[in-house]
Amino acid sequence: MLKQRVITGIILAIVVGSAIYLLPAKTFAIVSLFAIVGMGAWEWAGLTGVQEGLPRQLAPLPAMLVAYLLLISGWPLLPVLCISIIVWPVIIWMLFNYEQGTTLYQDKPYILRSLGLLVLVPAWYALVNLHGTHFGYVFYLVSLIALADIGAYFTGKK
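This is the structure we're talking about:
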């Protein structure tokens, strides 16, 4: 397992590092739009019960459209981050107040599905703005996340 994890990590480090360093800001924004918002929304759709097939394949489109509109409009970062600042406490409140056996989220799946858009898009937009400031900041952020993941992996192995 460790060998496979190391090989995957090396390949991802080369691909992601090259994208961060070599891609201009707009190209990085589009590539990361597909990688972060697209795949993230697809995964979020699966977690919220969207059926396989066409519904699941189309699920990322609203989030990707909103993200792209933010990008081309040049919307300021602060209002977008304020949305995220409001959404995260709501999510935490929902987690702490979740009751076993409740059907609220099954009866109204749009609640959890809409939260995906409100979580993924601001995170992506912040990353794009960070890359536009200086790509080194994105290297630092990705390195920090990778080191935390490595530490968690080895802590969990004991």
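Using my numbering, the first residue of the sequence shown is number 286, and each one after it goes up by one. Positions of the beta carbon are idealized from the N, C-alpha and C atoms, including for glycine.
- DSSP places Pro374 in the uninterrupted alpha helix (DSSP H) bounded by Leu362 to Phe381.
- A residue is called buried when at least 16 other Cβ atoms come within 10 angstroms of its Cβ; Gly294 does not meet this threshold and is exposed.
- The shortest CA-to-CA distance from Val372 to any of Thr387, Ser358, Ala352 and Pro407 is the one to Pro407.
- Remark: C-beta atoms of Trp327 and Gly401 do not approach each other more closely than 7 Å.
- Rounded to the nearest angstrom, the Cβ distance from Tyr390 to Leu380 is 12 Å, too far for a contact under 8 Å.
- Looking only at Glu337, Ile376 and Trp409, the smallest Cα-Cα distance to Ala352 is reached by Trp409.
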